[in-house]
Amino acid sequence: MTEGLNPLVPPLDPSSTSAIAKQLRYRSEINQLFAEDRAAHNWYRFVLSFPPHLVRDYLQRFGMAPQHRVLDPFCGTGTTVVECKKLGIASVGVEANPMAHFAGQVKVDWHPDPDRLRHHAKQVAEATLAELACIERDGTIAPDHLLSLGDEQTKLILKNSISPLPLHKTLVLLKHLKQQLDQSYDDHERLALAQAIVSSISNLHFGPEVGVGRAKPDAPVVDLWLKAIDIMANDLRELGQRVPVEAIVHHADSRQLLNVLEPQSIDAVITSPPYPTFNLCPKNRRKA
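In terms of my numbering, the sequence shown is numbered consecutively and its last residue is 459.
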């Protein structure tokens with residue numbers, strides 16, 4: 172992808188301690204998600220994702236314009252396709268992991284009306300809080316009354332990655348999402364919940380591998396979910412006004428690209444291939 176191009180990050184110069192410190196700071200900053208880039212990208216983002224500004228740099232270096240089409244064959248949660256869509260450049264992503272594919276697909280869907288999304292989420296929240304009222308009032312619930320995951324679902328998550336009470340509240344919220352299902356907003360509402368679980372509700376810790384941190388005996392699940400919904404709605408208000416641009420995320424195997432791509436249909440590839448030495452990556456992606 173970068174053959175013939177100057178590296179974005181300069182090599183370390185061991186002759187100068189101050190130069191090394193400066194370059195290390197630069198390397199740290201270059202992988203950060205800037206505040207101005209958060210729209211859509213921050214709806215759900217894997218901890219090891221490369222940043223949107225890196226995609227912009229490569230698009231400029233490759234001379235990509237609206238008449239071109241970009242491919243990310245290992246698109247993860249969709250950084251490349253989201254940034255291409257923001258810039259008016261057609262793009263295609265391919266991702267084998269179901270959760271990452273779901274996140275990427277939702278992040279390039281800017282059709283939902285932000286006010287109606289908020290309204291529907293508020294209705295679901297009110298029904299959920301009504302069922303949870305006894306917990307909020309008394310501050311406790313009998314352990315045998317708590318909802319929990321089945322054995323097969325439990326095997327998919329790290330042990331102690333979410334405490335019993337936050338899990339119960341999450342499952343009650345999911346129940347009401349199903350009962351008041353609206354296909355226009357369901358995917359966005361579920362992704363907002365996934366974001367809230369990973370970032371605030373669960374006991375997950377990223378350093379950068381996924382692990383379990385200090386247990387949270389309780390969490391304001393509904394409020395955290397509504398906060399994620401509010402962020403989405405604010406982003407959609409601006410993103411929904413942009414000129415429509417093709418952005419497709421396929422749930423497929425990149426070793427069989429011709430199953431989802433037409434020959435000679437791609438002008439540039441921007442990606443970060445899987446790391447074969449990171450043995451826990453597939454397992455951790457399921458848990459995150």
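For glycine and all other residues, C-beta sits at the position ideal for the given N, C-alpha and C. Computed from a predicted model, the values in this text were never measured in an experiment.
What does the Cβ neighbour count give for residue i, buried or exposed, with the cut at 16 atoms within 10 Å?
i, result
"Glu417", "exposed"
"Leu364", "buried"
"Gln366", "buried"
"Pro285", "buried"
"Gly175", "Only weak support is given to the placement of Gly175: the predicted model assigns it a pLDDT of 49, under 50, and the value that follows is read from those uncertain coordinates. Exposed: under 16 other Cβ atoms inside 10 Å."
"His282", "exposed"
"Asp208", "buried"
For residue i, which beta-bridge partners are listed by DSSP?
i, result
"Asp357", "For Asp357, which the question treats as bridged, DSSP gives no partner whatsoever."
"Val279", "Looking at the DSSP assignment, Val279 forms no beta bridge with any residue, so it has no partner."
"Asp243", "Gly264"
"His421", "Val265"
"Phe377", "Val381"
"Ala439", "Val241"
Can you tell me which of the options puts its alpha carbon nearest to the alpha carbon of residue i?
i, options, result
"Val393", "Thr341, Lys256, Leu375, Ala267", "Thr341"
"Lys398", "His422, Gln350, Leu362, Leu338", "Leu362"
"His347", "Leu429, Val295, Ala274, Arg426", "Val295"
"Phe126", "Glu360, Gly321, Leu318", "An answer regarding residue 126 cannot be provided, because it is not within the stretch 172 to 459 covered by the chain."
"Leu329", "Ser370, Val381, Gly411, Met270", "Val381"
"Asp228", "Asn202, Ala206, Phe217", "Asn202"
"Pro244", "Ile312, Leu225, Val420", "Val420"
"Asp358", "Met270, Gly234, Leu204, Leu230", "Met270"
"Ala211", "Gln435, Arg408, Ala423, Val431", "Arg408"
"Gln231", "Gly378, Trp396, Asn405, Cys255", "Cys255"
Please state if the CB of residue j and the CB of residue i are separated by a distance shorter than 8 Å.
i, j, result
"Cys246", "Val277", "no"
"Pro337", "Lys387", "yes"
"Tyr215", "His291", "no"
"Gly259", "Val279", "no"
"Thr299", "Val241", "no"
"Val226", "Ile437", "no"
"Ser370", "Ala390", "no"
"Ile333", "Ser373", "yes"
"Leu320", "His339", "no"
"Phe233", "Ala423", "no"
"Val383", "Asn331", "yes"
Can residue i be considered in contact with the ligand NAP, in the sense that its beta carbon sits closer than 7 Å to one or more heavy atoms?
i, result
"Phe233", "As for the ligand NAP, it is missing from this structure, which has no ligand bound."
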